[in-house]
Structure formats: C-alpha cells, structure tokens
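Since the structure comes first, as structure tokens, the remarks are kept for the end.
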Amino acid sequence: MSKPKTLFEKVWQQHLVAEPEGEPSILYIDLQLVHEVTSPQAFDGLRMAGRKLRRPDRHIATVDHNVPTTSAQDRLVIADQVSAAQVNALRKNCAEFGIEFFDVQDSSQGIVHMIGPELGATKPGMTIVCGDSHTSTHGAFGALAFGIGTSEVEHVMATQTLPQPKPKTFLITVNGELPFGVTAKDIILDIIGRIGTDGATGYAIEYAGSAIRALSMEGRMTICNMSIEAGARAGMIAPDETTFAYLKGRRFSPGTRPTNLDARPDRTAPDGQQLGSATDAFDAQWEEAMAHWKTLPTDEGATFDRELHIDAATIAPAVTWGTSPGMHATIDGKVPTLEDAKSEADRKSFARAYEYMDLKPGTPIEEIRIDTVFLGSCTNGRIEDLRAAAQVVKGHHIATKVRAMVVPGSQHVKKQAEEEGLDAIFKDAGFEWREPGCSMCLGMNPDILQPGERCASTSNRNFEGRQGRGGRTHLVSPEMAAVAAITGHFTDIRKWKQKEGAAR
Amino acid sequence: MEPINVLTSKAMPLPLPNIDTDQIIPKQFLKRIERTGYGDFLFYDWRYNLDVPDDVSPNKDFVLNKPEYQGAQILIAEKNFGCGSSREHAAWAIFQYGFRAVIAPTFADIFFSNAGKNGIVLVRLSDAEVETLLGHCTANPDNKITINLEAQTVIDEMGFSGKFEIDPFRKYCLLNGLDDIGLTLRHSDKLDAFEAKHNSEFWSAPKVGA
C-alpha cells in the first residue's frame, strides 16, 4: 500500500509538471482569477515579450477592488480617472487575450473570491491562483489556492504553471460544538491570536475537526480566507457532502445542464441520450467528478509537519484591539497590557498600537465606542453573513452618530438578499445598502475611513491606514458588527441574543 | 531583472516587526497601470506629513527623510517583513526607491517571492544579528554593510560578520538576473504532455458546464 497522504499532498502531486533537480517544482495551475489591480502590468509583460496567453479558458476576470459601490451609474462612469483607466485596461486586455470577463453590472460580477465559488469554477482538487492574498478562500472546497504577485500572474498567463517551493503541512483541528454566539470568524481570529501573524509562514494549513465539519461552505470560506493573516499562503478543508451540495447545479460545475437545453421541452444530451432520466450523460459526469473528489481527503495515518488542536468550547466572540490581526481580544476581555506581551517585538508593537488606536491598556472591550460599521468583504460578504447580521438588526435602529454600510460581496448575494428582504431590514435600521465590491475592506474606491474614525469591520485586516489613513479598524464577525451598530459600542452578542430571545 | 552579487552600502534602520505591504505602499497607488514610478510612494503614510490635506512635506522624524541615510541601498527591519497583501507594488516601490537588499529575521511568503522576481536580495539573519546591525546603523549612519551573495556573508565596518542561508536556485537566479518564464519554458515538452493528459480530467477544468 502506498504511504498515506494529506489532502494537500494529493492535490500537489496531481499537478506536478516537472521536478527539475535543485529547482522549485513546476506546478500546473487549473484556474487563474484576474482583477483590475494586479493584472495590467502582467498583460503588458506578455505584450512586451510577444507571448500569448496560453489558456484563456482557464482564466476568469472581474472588477472588484476599486469600483464605486454607491450606485450602478457611479460604476458605469467612474469619476476617479485613475481607477477608470485601470478598469478600462482590464476590459481591453480581456477582449484582446480572450478571457471571460464579468463587468461591473454583470449579474455574475463580485469580489473574485466570491464569484469563483458562486459560478462553480472553484472545485475540489484544483489548483487556483490570483494576484490577491485572499485567494486562500477557495481552499474551503479542498482546492490548493494561494495568492501571488504580478510577476507570477504573468508567469501563469504565459505558461499556466508556477515554479513553487513545496510548503510544509500544518494540521489545525477544532473539535466540539461551537458555543452559542460564536462564528467561523471567531474561530479564525482565535487561531491567528494563538499562533501569530507569522505563525504559519511557509505552511499550507488543513483545517479539520468536528467544529469545522459542522460549518457551511460560507463559514469554511471565512476560515480559509484569513489563512494568509496567519502567514499561510494556503488553507484547505477536505470536501464532503456539504461541499458537493453547494457545487451541484452551478454554472461551471460538472453535470450542470446548460440552461438553454433545460428550457426545451424535448431535451437531448450532447451524446444523444434523453435528458431527465437518472443515468443521463450529465448525471454520469457529476458522479464521475464526485468519485474523484471523494478520493481527496487526507488518508488515515497521514502525518503533518505541525499540528495544533483547539477545543471549540474555549472560543469566544472576538474583537481585535490593535493594528495586526493577531492582536486578538474577546468581547468579555480587555485591551491587553504590556505585561501580556509575549516578546520584546510584541511589546514594541503593543505600545505603537495603543497610540495609533487611541486605546489605554486594560480598557474593557465593551467600553470601546465606534463611529462606523462595515459589513462586507471576501471574508464576510456572503449571504449567510448578511442573514446573521439582519437577524440581529431586525426591529432596531443604529445608534446616533454611527455610520453603517452593507456591501454585498457579489451581485448574486445582493440579488438573493433583496429577494429575502434583507435590504429592507438593513435600510429600515439605518444602514446604507451598497453595490458589490471590495469597498472599505481596503478603501481603494471612495469608501474610506477618516483619520481617527473607529470602525467595527467584518473584513480581514486592521493594519494602520488599511481602511483609510488614520482610520482605526476592529475586526469582528457580522453579528458582532451588527450589534455594535445598534448600541454604538462593542457588545457581547451572547448576552444580546439571550436578552432578545427573552423579549421576543 | 538586474544581476546582483556584492553590494556595499549604508543601511537604513527601521526597527519595527510585522511591517505590512499596506505600509510599504498604500492602496491609492495601486490604481496605476504602470510598472514604474512607485519609489516616491514608498512608506507614504509614514514618510509625509499628511495631517493637513494636500500637505505632502517630508516628515523629518521618519528615517527615510533623514539626510544621514540618503543613498542607503540596504534596509534593515524586524521579523515578518512584508506581511499582508500580495501587491508586488511593494517590491517595485522598494526597488525603485533605490534599495537592493532588505535584512530581517523573517519575511512573509508572498513578499519573499515578489522580491526575488525583482532582483531584491532578502537576507535572513537571526534576531540577535539583526539587532546588532540595527544598533550599528543607528549609532553610526555611515557604517557600510557589505552583502556578498555568492559567499552568503554579511559584514560591516564595525566588526559585524554573519552568514545567511538562501535557496540555491533563488541565488542562481539573482546572480544571473534570470527571467522565470524563460526558465519554465525549458520544460515545454513536459508541460505539453502533462496538459494533454490533464485536459481529460474534466473535474479540474474551471468551466466544465460551459
């Protein structure tokens, strides 16, 4: 019998094109996602070298980072001329190189890491890259997915491969039932708090355990998304029935019937078989794909280079207090003191963060007042996130002086939320309801914090100036962001829900 | 990519851990479609007085603006340099400002890769060694450091001497200024063969139902 392998090792081996002696392995890339910010110089590089884009069918492009979210009109005619030029460059490049492009008002537009899964382009066992560090999101499907720089984007365009040093493997298990009020976001912030922002540098993480298994695909994507915040380029979760149920019937999934065929009364599959029966060609294709996907999970007895085991019961709703995602606190905790710092480097970072965040050590987290709430991003801009936040907000109004906005991660999420009436709940509560994009997660478009403004954000980074120069970001789950919007300060969602439950 | 081997220069100390790529180059400069012109925006938020709108006078307290460090081609920082966003603009800004090497105890993965593709030498030394060099260059801004890539050594004029590890292939590429795409295309036959077989594995195709 062959040596037991991890999920990562299986996907890695199935994509090895060459292993030249003394050089990094050459890895085949199944899908490259392209957006406006990190691609123009790569397309230029191809043109300058007279190279072709090898596999346009393995590329998908959209605009997300710098599109305005205020209105459809503002997106069609972008006022910022530099942003407009960048969006136009992508339009032209996709046309020239033959890449399928989802433009600003396309029904499939959205943040790249939202639309890959929504379209069914992201599937188990694939290798996926994008010029964006949050590409790790797609690992939730059991794909090996990681962020790359623009030189590498160009490399994939030219060769559909990447030379890659093989990362080490890191197993993180979360076992047990998640406590009331604790979400996927709290799990990943807890993990980053434990191991630090460089804790998994050089590793590909696999998340496992009963608490991970119990999560929806949305929750799993939230976890894998922030792997990079722990230093890992990739985070993966083995595919299972939850994964298959999510994928079934999506546009680019195996076995999906083309809609135009579906609409015909007398339907015939490409091979002449009658559609609709249990064993037609489409169903067979789906079954064959599932059979392959089921071989991917880590074999019993496979070993990892490193392991971390967490008891789900120990996790509480998280609020980051400082300027690094590793500066983790829980809602019932306090801003740590210098004595809590584990090293000299931490002490220096803490001192700097107190000043930037304008916080005193020892301040209870619940006493921190906020000015702004941002609900969205590739971390928490999915339908389940909006549902959870709407549930909290329903029947309430945001606090005086608080500015709150919801930016759905994609057109698909926006449409679905509107069909479910979530937009009305948010608008009634005083939230702005926006068009899809990256928005205030990084503030490349006009959605930014003003200096000194304090934000409860469902995004992924709280670096100095990330959401706008001088802006102060606290990372939280969608529910925690929603409750803070109502009370005007960080509030324990567990107590709030109990109180609400009693009142309703 | 420019080949590089021996570099002798003053070094600029930036004694902070976890310097992220948002600090190295803020988002507003990522809207450009050019590959050059990023040097002026390196460490933008720290480098300029931006408290008054449109005031972009240099912040005299920031090390990059101190006259004694002008012309430094080596940057020294603490652990986890380059964490966060994958933006290669960070590597472009560092290179185009004039740095050819960064010394730190550890670097984030994506930045590490981006720097290599732009001919920037990343030197990993121990925490203690980095602290020594930071001390030397703070006390004596004229202290010159010599990085020898071939020999994998770092020395300075104040008696520091250290060795560093580097992946042999990365070293070879830096020494010779090699283009990655060209290197991969040496394996075209294997790529064609792999792809022919892989094409039939439809579950790995992004657009199966298309």
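Residue numbers (my numbering), protein chains in the order written: chain A, 14 to 517; chain B, 8 to 217.
All C-beta atoms, glycine included, are put in the ideal place defined by N, C-alpha and C.
>> Can you confirm whether Q30/B, when its beta carbon is compared against all beta carbons of chain A, has any partner nearer than 8 Å?
In response: Residue 30/B sits at position 23 when you count from the first residue of the second sequence. So, interface residue.
> Which residues of chain B have a Cβ atom closer than 9 Å to the Cβ of F110/A, listed in chain order?
Replying inline: The sequence position of residue 110/A within the first sequence is 97, counting from 1. Chain B residues near F110/A: none, gap ~15 Å exceeds 9 Å.
> So is D505/A buried or exposed if we call it buried at 16+ other beta carbons inside 10 Å?
Replying inline: Sequence index remark: in the first sequence, residue 505/A carries index 492 (1-based). Classification of D505/A: buried, given that the 10 Å Cβ count is 16 or more.
> How many Å lie between D12/A and I396/A at the Cα?
Replying inline: Past the edges of chain A, shown from 14 to 517, lies residue 12/A, and the structure says nothing about it.
>> Tell me the DSSP secondary structure of R280/A in three-state form.
In response: Here residue 280/A refers to the residue found at position 267 of the first sequence. Because the pLDDT of R280/A is 47, which lies under 50, any placement of that residue in the model is unreliable, and the number read from its coordinates should be weighed accordingly. In the three-state reduction of the DSSP assignment, R280/A falls in the coil class.
> How would you call H322/A, buried or exposed, if buried means at least 16 neighbouring beta carbons within 10 angstroms?
Replying inline: Counting from 1 along the first sequence, the entry for residue 322/A is found at position 309. With fewer than 16 Cβ atoms within 10 Å of its Cβ, H322/A is classed as exposed.
> Nearest-angstrom Cα distance between T385/A and E254/A?
Replying inline: Numbered from its first residue, the first sequence carries residue 385/A at position 372. Numbered from its first residue, the first sequence carries residue 254/A at position 241. Approximately 38 Å between the Cα atoms of the pair.
> Excluding sequence positions up to five away, which residues of its chain have a Cβ less than 7 Å from the Cβ of F439/A?
Replying inline: Counting from 1 along the first sequence, the entry for residue 439/A is found at position 426. Counting only Cβ-Cβ distances below 7 Å, and skipping sequence neighbours, we find A403, V406, V419, W446.
> Name the residues in the stretch 75–94 of chain B whose C-beta lies less than 9 Å from a C-beta of chain A; which are they?
Replying inline: Listed by position along the chain: E85, K86, N87, C90, G91, S92, S93, R94.
> Can you list, in chain order, the stretches of the alpha helix (DSSP H) that have 4 or more residues and sit fully within the stretch 29–67 of chain A?
Replying inline: 53–62
> Can you tell me the Cα-Cα spacing of L156/B and G160/A, whole angstroms?
Replying inline: Working through the second sequence from its first residue, we reach residue 156/B at position 149. Working through the first sequence from its first residue, we reach residue 160/A at position 147. Between L156/B and G160/A, the C-alpha separation is close to 28 Å.
> From P267/A to K307/A, what distance separates their C-alpha atoms?
Replying inline: By one-based count along the first sequence, residue 267/A stands at place 254. By one-based count along the first sequence, residue 307/A stands at place 294. Rounded to whole angstroms, P267/A to K307/A spans 15 Å at the Cα level.
> With a cut-off of 8 Å, does the C-beta of N79/A fall near any C-beta of chain B?
Replying inline: Counted from its first residue, the first sequence places residue 79/A at position 66. So, interface residue.
> Counting contacts by CB-CB distance shorter than 8 Å, is S120/B in contact with chain A?
Replying inline: As a position in the second sequence, residue 120/B is number 113, starting the count at 1. With respect to chain A, the C-beta atom of S120/B has a partner C-beta closer than 8 Å.
> In terms of residue numbering, what span does the beta strand (DSSP E) encompassing H487/A cover?
Replying inline: Here the question's residue 487/A lines up with position 474 in the first sequence. Residues 485–488.
>> I'd like to know if E513/A contacts chain B, where contact means its C-beta is closer than 8 Å to some C-beta of that chain.
In response: Here residue 513/A refers to the residue found at position 500 of the first sequence. It does not; no Cβ of chain B falls within 8 Å.
> To the nearest angstrom, how far is it from the Cα of S470/A to the Cα of E432/A?
Replying inline: If you number the first sequence from 1, residue 470/A lands on position 457. If you number the first sequence from 1, residue 432/A lands on position 419. Straight-line Cα distance between these residues: approximately 25 Å.
> Rounded to a whole number of angstroms, what is the C-alpha to C-alpha distance between K34/B and L455/A?
Replying inline: Counting from one through the second sequence, the residue named residue 34/B turns up at place 27. Counting from one through the first sequence, the residue named residue 455/A turns up at place 442. Taking the CA atoms as reference points, K34/B sits about 7 Å from L455/A.
> DSSP puts R382/A in a beta bridge; with which residues?
Replying inline: Residue 382/A sits at position 369 when you count from the first residue of the first sequence. R382/A pairs with H502/A.
> Taking Cβ to Cβ, would you say L46/A is nearer than 8 Å to V125/A?
Replying inline: The residue labelled residue 46/A in the question sits at position 33 within the first sequence. The residue labelled residue 125/A in the question sits at position 112 within the first sequence. Yes; because the gap between Cβ atoms is below 8 Å, this pair is in contact.
> Which residues mark the beginning and the end of the beta strand (DSSP E) in which Q177/A is found?
Replying inline: Looking up residue 177/A in the first sequence gives position 164. Residues 174–177.
> Which residues in the same chain as T269/A place their Cβ atom closer than 6 Å to its Cβ, once the five residues preceding and following it in sequence are excluded?
Replying inline: Here residue 269/A refers to the residue found at position 256 of the first sequence. Closer than 6 Å at Cβ, skipping near neighbours: G262.
> Name the chain A residues whose beta carbon is nearer than 7 Å to that of S211/B?
Replying inline: Walking along the second sequence from the start, residue 211/B turns up at place 204. Neighbours of S211/B on chain A, chain order: D43, G138, M139.
>> Quick check: what's the CA-CA separation for K151/B versus I218/A?
In response: Residue 151/B sits at position 144 when you count from the first residue of the second sequence. Residue 218/A sits at position 205 when you count from the first residue of the first sequence. Those two C-alpha atoms are separated by around 41 Å.
> Got a sec: is the Cβ-Cβ distance from A100/B to anything in chain A below 8 Å?
Replying inline: What you label residue 100/B is simply residue 93 of the second sequence in a count that begins at 1. A100/B does not count as touching chain A.
> Any beta-carbon of chain E closer than 8 Å to the one on D47/B?
Replying inline: The structure shown contains no chain E; the protein chains it does contain are A and B.
> Taking the C-alpha atoms as reference points, what is the distance between M493/A and V95/A?
Replying inline: Sequence index remark: in the first sequence, residue 493/A carries index 480 (1-based). Sequence index remark: in the first sequence, residue 95/A carries index 82 (1-based). Using only the alpha carbons, I get a separation of about 35 Å.
> Thinking C-alpha only, which one of S472/A, G434/A, A442/A, D441/A is nearest G450/A?
Replying inline: What you label residue 450/A is simply residue 437 of the first sequence in a count that begins at 1. Among S472/A, G434/A, A442/A, D441/A, the Cα nearest to that of G450/A is on S472/A.
>> Just to confirm the assignment, what range does the beta strand (DSSP E) spanning I220/A have?
In response: Along the first sequence, read from residue 1 onward, the residue named residue 220/A stands at position 207. Strictly speaking, residue 220/A in this sequence is Tyr, with Ile absent from that position. For Y220/A, the enclosing beta strand (DSSP E) stretches over residues 216–221.
> chain A partners of A115/B, CB-CB under 8 Å?
Replying inline: The count along the second sequence starts at 1 and reaches residue 115/B at position 108. Chain A residues near A115/B: D211, T214, G244.
> What does I188/B touch in chain A if you count any residue whose Cβ is under 8 Å from its own?
Replying inline: One-based indexing of the second sequence puts residue 188/B at position 181. The answer, in chain order, is A62, R64, E167, H168, A171, T172.
> Between which two residues does the beta strand (DSSP E) harbouring I185/A extend?
Replying inline: Working through the first sequence from its first residue, we reach residue 185/A at position 172. Looking at the DSSP string, the run of the beta strand (DSSP E) that includes I185/A is 181–188.
>> Against chain B, does L20/A count as a neighbour if the rule is that its beta carbon must be under 8 Å from one of theirs?
In response: The residue given as residue 20/A occupies position 7 in the first sequence. It does not: the Cβ of L20/A has no partner Cβ on chain B nearer than 8 Å.
>> Any contact between the stretch 48–58 of chain B and the stretch 12–32 of chain B? By contact I mean 3 or more CB pairs, one from each, below 8 Å.
In response: yes
> E109/A: buried (16+ other C-beta within 10 angstroms of its C-beta) or exposed?
Replying inline: As a working note, residue 109/A is residue 96 in the first sequence. So E109/A ends up on the exposed side.
> L462/A and G443/A: beta carbons closer than 8 Å?
Replying inline: Taking the first residue of the first sequence as position 1, residue 462/A is located at position 449. Taking the first residue of the first sequence as position 1, residue 443/A is located at position 430. Going by beta carbons, L462/A and G443/A fall outside the 8 Å limit.
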